[in-house]
Amino acid sequence: MARLLGFIALAALVVAGAVWIADRPGTIAIVWQGWRVDTSVAMLLLLVGALALALAAALRVLGWAVRVPRGWRRWAQERRRRRGYQALTFGMVAVAAGDPEEAARQARRADVLLDEPPLTMLLSAQAAQLNGDEAAARRYFTAMLDRPETEFLGLRGLLMQASRTGDAAAALDLARRARRLRPETPWVLTTLFDLEARAGEWRAAEDTLAEAQRRRALPAVAARHRRAALLVERARAAEADGRPADALDLAARAHDEDPAFVPAVVLYVRLLGAGDRLRKAERTAERAWRSAPHPELAAAYRELAASADPVAQAQRMQHLVAGLPDHPESRLAVAAAAIAAALWGEARTQLEAAIALRPSTRAYALLAEVEEKERGDGAAAQRWLRLAAEAPAGEAWTCTSCGSVAATWSAVCPSCRAVDTLAWQAPAAIPLLPARAAAG
Ligand SMILES: [Zn+2]
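Using the working numbering, the first residue of the sequence shown is number 3, and each one after it goes up by one.
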């Protein structure tokens, strides 16, 4: 309504103006540089109006000419970014698929297209690793350390490299730096624990283990077992250092953490004996035998009364195994003591029962010893020894990680350096290839 009124008012004004001009005719003469133009006032006004319209149109065209390239540039940038992310995605897929050339190609594309080094550096590093170019990967990982958003990933990459090349000192350094950065990350704590244990830094490893447990980076049972393993190593170190009281204290703690952990109970029993606490040593061994019968425990128990005569030793051994008399390990321990005391009947009974439960190299070898010592029957002994050679391999300290067998227990596998992997079990049998059937 207001617009209509405005329009009517404007029209009225124009008409009034036109009438006013028509009522007052006249001419205008313009002289400029030797040119002369004669015209009417109405024509001049018309010309001025046309000029104003042309100017407005020109300005519009000019504005459009400025806006269009800017829009086009934005569109081109958007397209470039999209292609960059696409290259990044294809590159990551290539890394996952193990295609080194494609990964490297896409990494280069993403690097050119995207101005986001944090994203492209990781892909470039992974592509370099896939191509076996560890030096280039190290360069990328090192460059990642300079930016807060990629520092952790760079550390992880360098740490993995150091672990693979066996550079333990560098790996430990990097893992500690990673922990300062992100102490809540489970792999950081478990990796750091392994590295500290491998370096023999038992105290530091114990602290890291406690933190890992607090942050639930590993199950409680596994944590207790690992702590017991560390404490045994610390106790051994203290004993070697000539600190028997500390050693005994640490061995007791290890035994408390896991009462069925053989290396802990054996060490504890031995150190108690060395400290003249014979009664406690014997009671500890007898109690432990029920859950952890083991030849090393039997040996430690025997050593507690090293000067006892063989018959007394045989009686002591009966006492040790009283809580678990039918276990093959119990029967073997009693049989060995009986042989030493020349109690042949008892030895045979125990060994035959042990073989009935589980034939083993050790049981057959002891039977051969009985034949040899009791009757001097070499032929019978040879028969048992042949069976001993064929019997399944008995338990040994076997690494659950690499499968190798160690003569004595230690917290770190001497072969593959894995931590807390030696377990008392039968090593995996090496399958023999079946003999080829003779041709023809
Ligand atoms: Zn191993």
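Cβ coordinates follow ideal geometry from the N, Cα and C atoms, glycine included.
Just the Cα atoms here: how many angstroms apart are residue 238 and residue 308? Sequence index remark: in the sequence shown, residue 238 carries index 236 (1-based). Sequence index remark: in the sequence shown, residue 308 carries index 306 (1-based). One C-alpha to the other measures close to 22 Å.
Where does residue 425 sit, in a helix, a strand or coil, going by DSSP? Numbered from 1 along the sequence shown, position 423 holds the residue referred to as residue 425. Strand, per DSSP.
Hey, is residue 423 close to ligand 1, as in C-beta under 8 Å from one of its heavy atoms? Position 421 of the sequence shown, counting from 1, holds the residue named residue 423. Result yes, Cβ under 8 Å from ligand 1.
Rounded straight-line distance, which links the Cα of residue 391 to that of residue 429: Within the sequence shown, residue 429 is the residue found at index 427, counting from 1. Within the sequence shown, residue 391 is the residue found at index 389, counting from 1. Rounded to the nearest angstrom, the two C-alpha atoms are 15 Å apart.
Using a threshold of 8 Å, is the CB atom of residue 412 nearer than that to any non-hydrogen atom of ligand 1? Start at 1 with the first residue of the sequence shown, and residue 412 comes out as number 410. Answer for residue 412: no, Cβ out of range of ligand 1.
Helix, strand or coil at residue 40 [DSSP, three-state]: Translated into positions along the sequence shown, residue 40 becomes position 38. If DSSP states are grouped into helix, strand and coil, residue 40 belongs with the strands.
Which runs of the alpha helix (DSSP H) at least 4 residues long sit entirely within the region 66 to 153? Give them in chain order. 102 to 115, 119 to 132 and 136 to 146
When you compare each of 231, 86 and 325 to residue 415 by their alpha carbons, which one comes out closest? The residue labelled residue 415 in the question sits at position 413 within the sequence shown. Considering only alpha carbons, the answer is 231.
Could you please give the first and the last residue of the uninterrupted beta strand (DSSP E) stretch that includes residue 29? Sequence index remark: in the sequence shown, residue 29 carries index 27 (1-based). 29 to 34 is the extent of the beta strand (DSSP E) around residue 29.
Could you tell me which residues DSSP puts in a beta bridge with residue 400? Position 398 of the sequence shown, counting from 1, holds the residue named residue 400. BP columns for residue 400 point to 407 and 425.
Should the region 400 to 407 be called in touch with the region 188 to 196, which here means at least 3 C-beta pairs below 8 Å? no
Would the beta-carbon of residue 269 fall within 9 Å of that of residue 283? Position 267 of the sequence shown holds residue 269. Position 281 of the sequence shown holds residue 283. Going by C-beta atoms, residue 269 is not nearer than 9 Å to residue 283.
Under the rule that 16 or more other beta-carbon atoms within 10 Å means buried, what is residue 39, buried or exposed? By 1-based counting over the sequence shown, the position of residue 39 is 37. Exposed.
Is any heavy atom of ligand 1 found at a distance shorter than 8 Å from the C-beta of residue 420? The residue given as residue 420 occupies position 418 in the sequence shown. Indeed, a heavy atom of ligand 1 lies less than 8 Å from the Cβ.
If you drop the 5 nearest sequence neighbours on each side, which residues of the same chain put their C-beta closer than 8 Å to that of residue 30? As a first step, residue 30 must be located in the sequence shown, where it is residue number 28. Result list for residue 30: 40, 41, 42, 43 and 46, in chain order.
Going by alpha carbons, who is nearest to residue 276 out of 263, 244, 33 and 229? For the purposes of this step, residue 276 is taken as the residue at position 274 of the sequence shown. The residue with the shortest Cα to Cα distance from residue 276 is 244.
Span of the alpha helix (DSSP H), counted from its first residue to its last, around residue 20: Position 18 of the sequence shown, counted from the start, is the residue given in the question as residue 20. Looking at the DSSP string, the run of the alpha helix (DSSP H) that includes residue 20 is 4 to 25.
If you drop the 5 nearest sequence neighbours on each side, which residues of the same chain put their C-beta closer than 7 Å to that of residue 386? Counting from 1 along the sequence shown, the entry for residue 386 is found at position 384. Correct list, in chain order: 366, 369, 370 and 373.
Out of 317, 135, 123 and 132, which one is the CA nearest neighbour of residue 143? Locating residue 143 in the sequence shown gives position 141, where the first residue counts as 1. Residue 143 has its Cα closest to that of 123, out of 317, 135, 123 and 132.
Would you give the residue range spanned by the alpha helix (DSSP H) that residue 336 belongs to? On the sequence shown, position 334 is the one that residue 336 refers to. Run containing residue 336: 330 to 342, per the alpha helix (DSSP H) assignment.
Residue 414 bridges to which residues according to DSSP? If you number the sequence shown from 1, residue 414 lands on position 412. Bridge partners of residue 414: 421.
Expressed to the nearest angstrom, what Euclidean distance is found between the alpha-carbon atoms of residue 302 and residue 132? Stepping through the sequence shown from its first residue, residue 302 is reached at position 300. Stepping through the sequence shown from its first residue, residue 132 is reached at position 130. The alpha-carbon atoms of residue 302 and residue 132 are separated by roughly 53 Å.
First and last residue of the uninterrupted alpha helix (DSSP H) at residue 301: Translated into the one-based positions of the sequence shown, residue 301 becomes position 299. Residues 297 to 306.
Residue 34 to residue 61, Cα distance in whole Å? To locate residue 34, count along the sequence shown from 1; it is residue 32. To locate residue 61, count along the sequence shown from 1; it is residue 59. So the two alpha carbons sit approximately 28 Å from each other.
Where the alpha helix (DSSP H) containing residue 380 begins and where it ends: Here residue 380 refers to the residue found at position 378 when the sequence shown is read from its first residue. That run of the alpha helix (DSSP H) goes 380 to 392.
Is the beta carbon of residue 309 within less than 8 Å of some heavy atom of ligand 1? Translated into the one-based positions of the sequence shown, residue 309 becomes position 307. Flag unset: Cβ of residue 309 not near ligand 1.
For residue 265, three-class secondary structure by DSSP: Numbered from 1 along the sequence shown, position 263 holds the residue referred to as residue 265. The answer is helix: DSSP assigns residue 265 an H, G or I state.
Please determine whether the Cβ atom of residue 2 lies at a distance below 8 Å from any heavy atom of ligand 1. The chain is shown only over 3 to 442; residue 2 falls outside these bounds and no answer can be derived.
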